[in-house]
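Heads up: the sequence shown begins at 3 in the working numbering, then just goes up one per residue.
Comments concern the structure below.
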Amino acid sequence: MSDPSASSVMPADWQQTIAIARSPLGDRFQAESLAESLLLENLGVVLPRDVRDVPVLLFLDEQGLGLQVTGKGAPGPVRAEFVTGKMGYRREHGGGAGQLVARAVGLQKTRANLHIVDATAGLGQDAFILASLGCRVTLFERNPVIHALLADGLARAALNVDCAMIVERMQLMEGSSIDWLERAGGEAADVIYLDPMFPHRDKSALVKKEMQVFRTVVGDDDDSGRLLAGALECARYRVVVKRPRKAPAIAGPDPTTRIEGKSSRYDVYAIKALPAQ
């Protein structure tokens, strides 16, 4: 998968492998608040390359919050970034409703203002794309470290004139999406989107950078079958599951159709037809 997921379970020793730190320009109050809420040690002002006692930092600098491997020669931080970089480019040149995720959700088939629940939000990239195309998106991220990264990224994007209206269509929730799905009942959302964590064997530099960090604080999803079952009970029109292109489908019913890209695919479970254009 490309985006660490909400249904991932924290390794038992995660609080021994991560700490809070900041650069001289990092927000001291935010660092103190994160350390208190996540029960993590606050190292104060340090350089990640000088830290030896913990392998990963939640690191605050002038660009916001990032997840940063420590030690000499470590890759730069991973952030939830919507304004600049890859997501900024996709916002401006991404191909609109022709993008694979938009096609999987069904945006080429309907003009309805869909309510989508992204039950495994990760860094929020797919949710942001869908919100930029007019969908109202509810995001769940149960992993507290990834949740903190996503909350920070959305807060920064809300201050940008080009992103503020998109972020207004996104609501980040606390807690587990599975708990919500099991309480919500039928037709709680138009579409439910899942991108469960999957063991990664891709050798690309991007995967190395992201997964080197995330595997420290994010475990594999052992309950993806339960997640799919709950989603199928709650979605009005369809459930969409993102998978690595050659990975098996999640245990459960067969997908109605698949939409394949170069490295990933979308398994679509149709429940009933979307409203016509």
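Using N, Cα and C, we set each Cβ at its ideal position, and we do this for glycine too.
Note that this is a predicted model, so its numbers are computed, not measured.
Tell me which residues share the same chain as residue i and place their Cβ nearer than 7 Å to its Cβ, disregarding the 5 neighbours each side in the sequence.
i	result
G188	E235, C236
A153	L174
I194	V119, A121, A233, C236, A237, V241
K274	Y239
L135	G98, A99, A104, L109
L102	I261, G263, Y268
Q32	L62
I180	S9, D225, R228, L229, G232
V169	L156, A159, A160
E34	N44
Starting from residue i, follow its DSSP beta bridges and name the residues at the other end.
i	result
F142	M175
Y91	In the DSSP output, where bridge partners are listed per residue, Y91 has none listed.
Q110	BP columns for Q110 are empty, so no partner.
R66	Here the sequence assigns Gly to residue 66, which means Arg is not the residue at that position. In the DSSP output, where bridge partners are listed per residue, G66 has D63.
P246	S266
V241	I194, Y271
V71	V58
R158	None; R158 has no bridge partner.
I261	Y268
In three-state terms, what does DSSP make of residue i?
i	result
P79	coil
E43	coil
Q101	coil
E186	Per the sequence shown, the amino acid found at residue 186 is Ala instead of Glu. In the structure shown, A186 sits in a helix (DSSP, three-state: H, G or I).
A23	strand
I273	coil
R54	coil
V48	coil
L163	The residue asked about is misnamed: residue 163 is Val in this sequence, not Leu. Correct three-state label for V163: coil.
I148	helix
I252	coil
V215	helix
A153	helix
My assumption, with CB atoms under 8 Å, is that residue i sits in contact with residue j. Please give the rounded CB distance.
i	j	result
L196	V163	Not a contact, Cβ separation roughly 32 Å.
A150	L67	6 Å
T72	V56	6 Å
L230	G254	5 Å
F61	P77	Between P77 and F61 the Cβ distance is about 12 Å, and since that is not below 8 Å, they are no contact.
E83	L27	Between L27 and E83 the Cβ distance is about 17 Å, and since that is not below 8 Å, they are no contact.
L42	Q17	6 Å
I148	V215	So it is not a contact: roughly 10 Å between Cβ atoms.
A129	M172	6 Å
L59	P146	So it is not a contact: roughly 15 Å between Cβ atoms.
A157	L141	Contact doesn't hold; Cβ gap of about 13 Å is too wide.
Between which two residues does the alpha helix (DSSP H) harbouring residue i extend?
i	result
R30	30-40
L234	226-236
V169	166-170
I131	127-134
Identify, in the order they occur along the chain, each residue of the same chain with its Cβ nearer than 6 Å to the Cβ of residue i, setting aside the five sequence neighbours on each side.
i	result
R267	R245, R247, R260
A272	R240, T258
L45	A21, A23
K74	R51
A37	I22, N44
Return the chain-ordered list of same chain residues with a C-beta closer than 8 Å to the C-beta of residue i, the five sequence neighbours on each side being excluded.
i	result
V107	L116, I118, L132, C137, V193, Y195, R240, V242
A251	V243, R245, P257, D269
C165	F84, V85, R93, A159
Q110	A99, G100, A104
G177	F142, R144
A191	H117, I118, V119, T140, C236, A237, R238
Please tell me whether, using a cut-off of 8 Å, the distance from the CB of residue i to the nearest non-hydrogen atom of the ligand ATP is below it.
i	result
F61	Among the components of this structure there are no ligands whatsoever, and the ligand ATP is therefore not found.
Could you please give the first and the last residue of the uninterrupted beta strand (DSSP E) stretch that includes residue i?
i	result
V193	191-196
V119	117-120
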